[in-house]
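**Student:** In our numbering, the protein residues as written are 426 to 645.
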Amino acid sequence: MDVEYSDHDYCSTAEPAALDLSLDHSKDLCAEIAMLRKQIEEINLSSKFCLERFAASDDDIRFYTRFATHAHFMAFWRQIEPATSKIVRVSRAQTKAKTDEIPHPGATSLPPIDEFFLFMTYLSLGLMQKDLADRFRIHQSTVSRIINTWANFLYTVLGAVGIWLDEETVKANMPDVFQCYPHGVVTFVSSLYEGAISDREIPKQSGIVSSETNNGYNGR
């Protein structure tokens with residue numbers, strides 16, 4: 426039986442033009458995939474209620490957190506972030522019983538910065554916990570625990586910051602009339618005034634300051 430074998434060049438290569446078309450097609454596909462991925466990320470981000478969604482809008486940051494800009498928000502966050510690793514979380518039982526806090530290792534599905542964003546949104550807008558739960562897509566009881574946890578955390582962290590002037594500075598700026606009673610005892614009681622009266626007119630008529638001094642009083 427005769428078998429015919431067709432000639433075949435196993436060393437042959439594709440034409441350069443065909444290779445160029447194949448490479449161009451691959452590049453187009455990669456570009457399209459990258460574009461689609463970006464669109465998916467944007468859609469996912471726009472459907473989420475989180476800090477990143479509003480990062481590009483200082484107006485939104487101001488509305489939801491009362492921080493002037495996103496940069497201000499992040500500057501404050503960088504100050505407190507190191508302490509968040511030791512945050513003491515309020516447990517579910519504590520939320521119901523409203524007892525003192527105990528260490529609780531469990532975390533929520535939100536990253537810490539979004540927990541802080543939730544807490545600031547709660548303070549700024551006074552939203553109901555169910556509303557916040559729907560926005561952040563978490564359970565209402567989780568919202569309650571986040572609010573209690575961050576209220577305690579910020580009270581501890583910010584409470585340790587010294588905001589009061591030292592005694593020497595206070596004495597140096599104390600009005601002369603208070604020098605003989607620095608402990609805060611009442612030293613002057615004016616008569617009562619009825620109706621409308623301006624801030625400028627009250628010290629003038631009360632006698633607490635002289636008319637010459639009152640001329641420089643700006644009512645603040």
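Ideal Cβ placement from N, Cα and C applies to all residues, glycine included.
Find the nearest neighbour of Ala-585 within the set Ser-631, Ile-505, Ala-496, judged by alpha-carbon distance.
**Tutor:** Numbered from 1 along the sequence shown, position 160 holds the residue referred to as residue 585. Looking at the Cα atoms, Ile-505 is the closest of the given residues.
**Student:** Measuring CB to CB, does Ile-512 end up less than 8 angstroms from Thr-574?
**Tutor:** Indexing the sequence shown from 1 puts residue 512 at position 87. Indexing the sequence shown from 1 puts residue 574 at position 149. Closer than 8 angstroms, so yes.
**Student:** Compare the Cα-Cα distances from Ser-516 to each of Gln-604, Asn-598, Val-614, Ile-571 and report the closest residue.
**Tutor:** Position 91 of the sequence shown holds residue 516. Of the candidates Gln-604, Asn-598, Val-614, Ile-571, the one whose C-alpha sits nearest the C-alpha of Ser-516 is Ile-571.
**Student:** Does the beta-carbon of Phe-488, which I'm using as the reference point, lie nearer than 7 angstroms to any heavy atom of the ligand MN?
**Tutor:** This structure lacks the ligand MN, and indeed carries no ligand of any kind.
**Student:** Give me the Cα-Cα distance between Lys-629 and Asp-556, rounded to the nearest whole angstrom.
**Tutor:** On the sequence shown, position 204 is the one that residue 629 refers to. On the sequence shown, position 131 is the one that residue 556 refers to. Whole-angstrom Cα-Cα distance: 51 angstroms.
**Student:** With distances taken Cα to Cα, identify the nearest neighbour of Ile-563 among Cys-475, Asp-453, Arg-462.
**Tutor:** The sequence position of residue 563 within the sequence shown is 138, counting from 1. Of the listed residues, the one whose Cα sits closest to Ile-563 is Cys-475.
**Student:** Under the three-state reduction of DSSP, which class applies to Met-599: helix, strand or coil?
**Tutor:** Sequence index remark: in the sequence shown, residue 599 carries index 174 (1-based). In the structure shown, Met-599 sits in coil (DSSP, three-state: anything other than H, G, I, E or B).
**Student:** Taking its Cβ as the centre, do 16 or more other Cβ atoms sit within 10 Å of Glu-540, making it buried, or is it exposed?
**Tutor:** As a first step, residue 540 must be located in the sequence shown, where it is residue number 115. The residue is buried, with at least 16 neighbouring Cβ atoms inside 10 Å.
**Student:** By alpha-carbon positions, which one of Met-599, Leu-579, Ser-623, Asp-601 ends up nearest to Pro-507?
**Tutor:** In the sequence shown, the residue the question calls residue 507 occupies position 82. With distances taken between Cα atoms, Pro-507 lies closest to Leu-579.
**Student:** Candidates Phe-492, Cys-455, Ala-481, Glu-626: which alpha carbon is nearest Ser-549's?
**Tutor:** Locating residue 549 in the sequence shown gives position 124, where the first residue counts as 1. When only C-alpha atoms are compared, the closest one is Phe-492.
**Student:** So Phe-492 is in the alpha helix (DSSP H); what residue range does that whole segment cover?
**Tutor:** Locating residue 492 in the sequence shown gives position 67, where the first residue counts as 1. Neither: Phe-492 is in no alpha helix (DSSP H) and is coded neither H nor E.
**Student:** Rounded to the nearest angstrom, how far is the Cβ of Phe-501 from that of Ile-486, given a contact under 8 angstroms?
**Tutor:** Translated into the one-based positions of the sequence shown, residue 501 becomes position 76. Translated into the one-based positions of the sequence shown, residue 486 becomes position 61. At roughly 11 angstroms, the Cβ-Cβ gap does not stay under 8 angstroms, so Phe-501 and Ile-486 are not in contact.
**Student:** Report yes if the CB atom of Gln-554 is closer than 8 angstroms to the CB atom of Ser-569, and no otherwise.
**Tutor:** Working through the sequence shown from its first residue, we reach residue 554 at position 129. Working through the sequence shown from its first residue, we reach residue 569 at position 144. Yes, the Cβ-Cβ distance between Gln-554 and Ser-569 is below 8 angstroms.
**Student:** Out of curiosity, what's the CA-to-CA distance linking Ser-451 and Met-460?
**Tutor:** Sequence index remark: in the sequence shown, residue 451 carries index 26 (1-based). Sequence index remark: in the sequence shown, residue 460 carries index 35 (1-based). Their backbone Cα atoms lie some 14 angstroms apart in a straight line.
**Student:** Just the C-alpha distance for Ala-496 and Asp-601, rounded to the nearest angstrom, thanks.
**Tutor:** The residue given as residue 496 occupies position 71 in the sequence shown. The residue given as residue 601 occupies position 176 in the sequence shown. Spanning the two alpha carbons is a distance of roughly 43 angstroms.
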